[in-house]
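Trainee: Got a structure here, written out as structure tokens. Questions coming.
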Amino acid sequence: SSSSEDVAESLAVVEPVIDCAALLSVNITSIGGAGSNITSATEATSDDISYCVVEGTLPPAITWEVMLPVSTWTQRYMQTGCGGLCGMISLSVAASSGAEAVDNGNFVLGTTDMDGGTSATWGVEADKRAAFAYEAHHWTAEVAKTLIQNYYAQEQKYAYFSGCSDGGREAVMEALRYPNDFNGIIAGAPAMLFTLQNSFHHGWLAVSNTDENGDHILLSDRLEILHDAVVSACDSLDGIDDGLLSDPRICNFDVSTIQCTDDADNSTCLTSAEVQVAIKSYSGPIDPDSDEHLTVGEVQYSSELGWSGVFVPEDAATSIMSESVALSCIKYLILENYPGDNYTLDDFVFANSTINLLRPRHPLLDSVSADLSEFEAAGGKLILWHGWADPQISPRTTIAYHEALQANMGADVVEGFNRLYLLPGVYHCGSGEGPSELDLVTPMMKWIEEGIAPHAVMTSSATSESTNDAGQWQSSGSSRRLTSGSGSSVTVTRPVYPYPHVAKYIGTGSVDDAVNFVEGDALYTNLTAYWLGEDFFDPYS
């Protein structure tokens with residue numbers, strides 16, 4: 149981690165000029181108006197590092213927290229995103245595994261609960277919608293910078309943002325709406341197409357796995373049969389048999405090939421009903437009138453084990469995340485008109501007419517405008533990253549956004565400020581079968597502070613203790629580890645390269661060791677196929 153140390157130590161430590169408790173008297177009313185208050189300022193220790201921890205509120209009922217290092221600050225600010233529908237304070241920095249500047253307490257850290265909550269019932273109030281959509285993070289950034297100025301008697305030299313899931317949406321929203329808030333923004337598995345993802349995507353997955361009696365059809369203990377068949381059919385297409393698909397788009401697995409000839413004996417095959425669930429899940433909803441796709445992309449081949457706990461439960465009667473997320477968001481947040489107390493997902497019409505019902509709230513909640521020219525002009529840099537096996541937010545969305553930026557701004561311009569990394573076998577914001585631990589914070593710091601653009605990024609397999617709480621609703625999917633031939637769990641290391649390039653095995657040596665991989669050409673070169681909501685990515689204000 150020497151390069152991580154070098155960039156982390158390139159700026160001098162600056163110490164505070166006032167006591168922590170003195171920050172209680174800082175007035176932040178000018179930021180959010182009435183209701184902008186500091187409620188506490190106390191010293192505390194986290195991972196042996198001393199911080200001045202400041203908490204407070206912003207209107208209508210936003211809470212925020214800023215942690216200012218007492219003796220380790222190197223003039224940088226890091227804001228963290230919040231997953232799901234938020235409603236909590238999480239200062240976990242996404243994509244920072246092994247980042248010295250994070251581990252050493254070099255950042256002032258800040259975050260907000262965005263006035264959210266586990267369900268979207270708050271979405272009926274316009275001021276709470278605005279807080280969740282964009283205001284809370286912008287105001288929190290302004291609060292943090294005000295506290296930095298007061299505590300250290302100087303501004304931060306650099307400001308960064310790292311978030312995953314809804315935190316990824318929040319990250320790109322900052323670049324779009326407030327291009328001067330942050331120098332470097334890291335957005336993982338971004339829920340940037342929020343309106344469609346939390347209606348058509350999760351809604352479709354939920355209804356596709358529910359029978360007419362309301363029971364679920366495909367259950368968790370059946371996923372391994374499907375997953376093993378997919379991997380068996382497609383694993384070698386990327387030139388290496390390692391249990392991972394480097395680009396699932398080149399896989400054309402036919403699920404019907406594992407349908408039982410007789411549903412009575414199904415220990416090694418799927419029933420006809422289970423096969424239909426899988427086919428629908430991969431395909432996504434189709435508009436009945438035009439036969440065109442209603443989503444940009446759905447769950448990808450080899451993501452099957454990650455379906456558990458998202459839209460595939462352990463038993464037929466257990467409620468599933470996709471259903472609760474979609475129903476809550478559709479009822480209270482993404483439709484302009486409340487559909488009524490008795491509304492269920494059976495009432496949701498998978499048709500182009502429903503896409504049009506999402507348009508009024510699209511500019512508020514979605515962060516997919518393909519015009520980042522103000523952010524680019526301000527010198528901002530954006531790294532997007534996504535797990536290929538993410539069932540909660542399709543990686544195809546993030547690819548489509550990257551392509552939309554290129555089409556709108558020009559590939560050369562985009563190359564100057566944006567990178568996209570896709571992680572084979574990785575679930576939502578981390579975990580999964582593929583190596584999911586990575587540090588994008590250090591490469592971003594080098595890009596912003598030294599002008600060195602990121603290229604190869606090392607990933608490694610997660611240790612059993614490591615968790616990623618920087619994302620949204622975590623699935624309970626079995627996170628099968630890649631194991632060496634002896635059956636022992638090994639640490640797998642592998643590089644990832646800027647999209648569309650992939651890691652290519654050189655043909656000799658351990659497939660678990662990054663040294664045996666080089667940069668390979670794209671395995672799939674088609675642009676995102678037409679779908680009925682693709683104009684959501686057009687520039688909008």
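Residue numbers for the sequence shown follow our numbering, so the first one is 149 and each next one is one higher. In this text, a Cβ means the ideal position worked out from N, Cα and C, and glycines have one as well.
Under 7 Å between the Cβ atoms of Thr190 and Ser184?
Mentor: Translated into positions along the sequence shown, residue 190 becomes position 42. Translated into positions along the sequence shown, residue 184 becomes position 36. No; because the gap between Cβ atoms is not below 7 Å, this pair is not in contact.
Trainee: I'd like the list of long-range same chain contacts for Asn556, defined as Cβ closer than 7 Å, with 5 residues on each side in sequence excluded.
Mentor: Counted from its first residue, the sequence shown places residue 556 at position 408. Counting only Cβ-Cβ distances below 7 Å, and skipping sequence neighbours, we find Ala518, Asp519, Pro687.
Trainee: Three-state secondary structure (DSSP) at Asp557?
Mentor: Within the sequence shown, numbered from 1, the residue matching residue 557 stands at position 409. Note that residue 557 is Met in the sequence shown here, rather than Asp. In this structure, Met557 counts as helix in the three-state DSSP scheme.
Trainee: When you compare the CB positions of Trp536 and Pro643, do they come within less than 7 Å of one another, or not?
Mentor: The residue labelled residue 536 in the question sits at position 388 within the sequence shown. The residue labelled residue 643 in the question sits at position 495 within the sequence shown. Contact flag unset, no.
Trainee: Between Glu667 and Ala604, how many whole angstroms is the CB-CB distance? I'm expecting something under 8 Å.
Mentor: By 1-based counting over the sequence shown, the position of residue 667 is 519. By 1-based counting over the sequence shown, the position of residue 604 is 456. At roughly 7 Å, the Cβ-Cβ gap stays under 8 Å, so Glu667 and Ala604 are in contact.
Trainee: If we call anything under 7 Å between Cβ atoms a contact, is Leu453 one with Leu367?
Mentor: As a position in the sequence shown, residue 453 is number 305, starting the count at 1. As a position in the sequence shown, residue 367 is number 219, starting the count at 1. For Leu453 and Leu367, no; Cβs fall outside 7 Å.
Trainee: Determine the closest residue to Leu493 out of Asp359, Ala610, Gln424, Pro508, with distance taken between C-alpha atoms.
Mentor: On the sequence shown, position 345 is the one that residue 493 refers to. Of the candidates Asp359, Ala610, Gln424, Pro508, the one whose C-alpha sits nearest the C-alpha of Leu493 is Asp359.
Trainee: Using C-beta distances below 6 Å, list every residue in its chain close to Ser552, excluding the 5 sequence neighbours before and after it, in chain order.
Mentor: The count along the sequence shown starts at 1 and reaches residue 552 at position 404. A quick correction: the sequence has Ala, not Ser, at residue 552. So the list reads Ala518, Phe685, once near-sequence residues are dropped.
Trainee: Measure how close the beta-carbons of Leu483 and Leu513 come, nearest whole angstrom, since I'm counting them as under 8 Å.
Mentor: Locating residue 483 in the sequence shown gives position 335, counting from the first residue. Locating residue 513 in the sequence shown gives position 365, counting from the first residue. Incorrect: roughly 11 Å between the Cβ atoms, too far for contact.
Trainee: Using CA atoms only, rank isn't needed, just tell me which of Thr607, Thr676, Asp669 is closest to Thr639.
Mentor: Counted from its first residue, the sequence shown places residue 639 at position 491. Thr639 has its Cα closest to that of Thr607, out of Thr607, Thr676, Asp669.
Trainee: Would you be able to state if there are at least three C-beta pairs under 8 Å between the segment 381 to 389 and the segment 425 to 435?
Mentor: Contact fails: fewer than three Cβ-Cβ distances are below 8 Å.
Trainee: Give me, in chain order, the residues of the same chain whose beta-carbon lies closer than 7 Å to that of Trp595; leave out the 5 immediate sequence neighbours on both sides.
Mentor: Numbered from its first residue, the sequence shown carries residue 595 at position 447. Gly332, Lys529, Ala601, Pro602.
Trainee: Looking only at DSSP bridge pairs, what is Phe685 linked to?
Mentor: Reading the sequence shown from its first residue, position 537 is the one you call residue 685. Note: Phe685 sits in no beta bridge, so no partner.
Trainee: Please determine, among Val355, Ala526, Val256, Ala548, the residue with the shortest C-alpha to C-alpha distance to Phe498.
Mentor: On the sequence shown, position 350 is the one that residue 498 refers to. The shortest Cα separation from Phe498 among Val355, Ala526, Val256, Ala548 belongs to Val355.
Trainee: Taking contact to mean 3 or more Cβ pairs, one atom from each stretch, closer than 8 Å, check whether the segment 219 to 231 and the segment 297 to 309 are in contact.
Mentor: With a cut-off of 8 Å, the segment 297 to 309 and the segment 219 to 231 count as touching, because enough Cβ pairs lie within range.
Trainee: Contact between the segment 339 to 352 and the segment 536 to 546 is defined here as three or more beta-carbon pairs at a separation below 8 Å; is this criterion met?
Mentor: Yes: at least three Cβ pairs fall under 8 Å.
Trainee: Alpha carbon to alpha carbon, how far is Gly229 from Thr266? Give it in angstroms, no decimals.
Mentor: Position 118 of the sequence shown, counted from the start, is the residue given in the question as residue 266. Position 81 of the sequence shown, counted from the start, is the residue given in the question as residue 229. The straight-line gap from Cα to Cα measures roughly 16 Å.
Trainee: Is Phe348 near Thr443, with beta carbons less than 7 Å apart?
Mentor: Against the sequence shown, residue 348 aligns to sequence position 200. Against the sequence shown, residue 443 aligns to sequence position 295. Cβ atoms of Phe348 and Thr443: closer than 7 Å.
Trainee: Using 8 Å for Cβ pairs, my map puts Val256 next to Ile296. What's the rounded Cβ distance?
Mentor: For the purposes of this step, residue 256 is taken as the residue at position 108 of the sequence shown. For the purposes of this step, residue 296 is taken as the residue at position 148 of the sequence shown. Contact holds; Cβ gap of about 6 Å.
Trainee: Residues in the same chain with beta-carbon distance under 6 Å from Val708, minus the five sequence neighbours each way, listed in chain order, please.
Mentor: Absent from the model: residue 708. The displayed extent of the chain is 149 to 689, so no value can be given.
Trainee: Nearest by alpha-carbon distance to Thr260: which of Thr205, Ser472, Ile541 is it?
Mentor: Taking the first residue of the sequence shown as position 1, residue 260 is located at position 112. For the residues Thr205, Ser472, Ile541, the minimum Cα distance to Thr260 belongs to Thr205.
Trainee: Taking all protein chains shown into account, do 16 or more other C-beta atoms lie within 10 angstroms of the C-beta of Asn566, making it buried, or fewer, making it exposed?
Mentor: In the sequence shown, the residue the question calls residue 566 occupies position 418. Asn566 comes out buried.
Trainee: Taking all protein chains shown into account, do 16 or more other C-beta atoms lie within 10 angstroms of the C-beta of Asp329, making it buried, or fewer, making it exposed?
Mentor: By one-based count along the sequence shown, residue 329 stands at place 181. Buried, because 16 or more other Cβ atoms sit within 10 Å of the Cβ of Asp329.
Trainee: Counting pairs of Cβ atoms below 8 Å between the segment 565 to 580 and the segment 317 to 327, do you hit three or more?
Mentor: No: the two stretches stay apart, fewer than three of their Cβ pairs being nearer than 8 Å.
Trainee: Buried or exposed: where does Gly445 fall if 16 or more other Cβ atoms within 10 Å of its Cβ makes it buried?
Mentor: Mapped onto the sequence shown, residue 445 falls at position 297. So Gly445 counts as buried.
Trainee: Does the beta-carbon of Ser429 have 16 or more other beta-carbons within 10 angstroms, so that it is buried, or is it exposed?
Mentor: Position 281 of the sequence shown, counting from 1, holds the residue named residue 429. Label assigned to Ser429: buried.
Trainee: Put Asp196 into one of helix, strand or coil per three-state DSSP.
Mentor: Working through the sequence shown from its first residue, we reach residue 196 at position 48. DSSP places Asp196 in coil when its eight states are reduced to three.
Trainee: In three-state DSSP terms, what is Pro396?
Mentor: As a working note, residue 396 is residue 248 in the sequence shown. Helix.
Trainee: Which runs of the beta strand (DSSP E) fall wholly inside the segment 314 to 352 and span at least 3 residues, in chain order?
Mentor: Fully enclosed beta strand (DSSP E) runs of 3 or longer: 332 to 336.
Trainee: By the DSSP assignment, the beta strand (DSSP E) with Gln227 in it spans what residues?
Mentor: On the sequence shown, residue 227 is found 79 positions in, with the first residue counted as 1. Taken as a continuous stretch (DSSP letters only), the beta strand (DSSP E) holding Gln227 covers 224 to 228.
Trainee: Applying the 10 Å Cβ sphere with the 16-neighbour rule, what's the burial state of Gly582?
Mentor: As a working note, residue 582 is residue 434 in the sequence shown. Gly582 should be labelled buried.
Trainee: According to DSSP, what are the bridge partners of Gly204?
Mentor: By 1-based counting over the sequence shown, the position of residue 204 is 56. Its beta-bridge partners are Ile186, Trp212.
Trainee: Could you name the residues that DSSP lists as bridge partners for Leu586?
Mentor: Numbered from its first residue, the sequence shown carries residue 586 at position 438. Leu586 pairs with Thr607.
Trainee: Can you tell me where the beta strand (DSSP E) with Pro643 in it begins and where it stops?
Mentor: In the sequence shown, counting from the first residue as 1, residue 643 sits at position 495. Residues 641 to 644.
Trainee: Expressed to the nearest angstrom, what Euclidean distance is found between the alpha-carbon atoms of Glu422 and Ser658?
Mentor: Numbered from 1 along the sequence shown, position 274 holds the residue referred to as residue 422. Numbered from 1 along the sequence shown, position 510 holds the residue referred to as residue 658. Those two C-alpha atoms are separated by around 37 Å.
Trainee: Could you name each continuous alpha helix (DSSP H) segment of 4 residues or more that falls completely within the segment 255 to 287, going from the start of the chain to the end?
Mentor: Complete alpha helix (DSSP H) runs here, min 4: 274 to 278.
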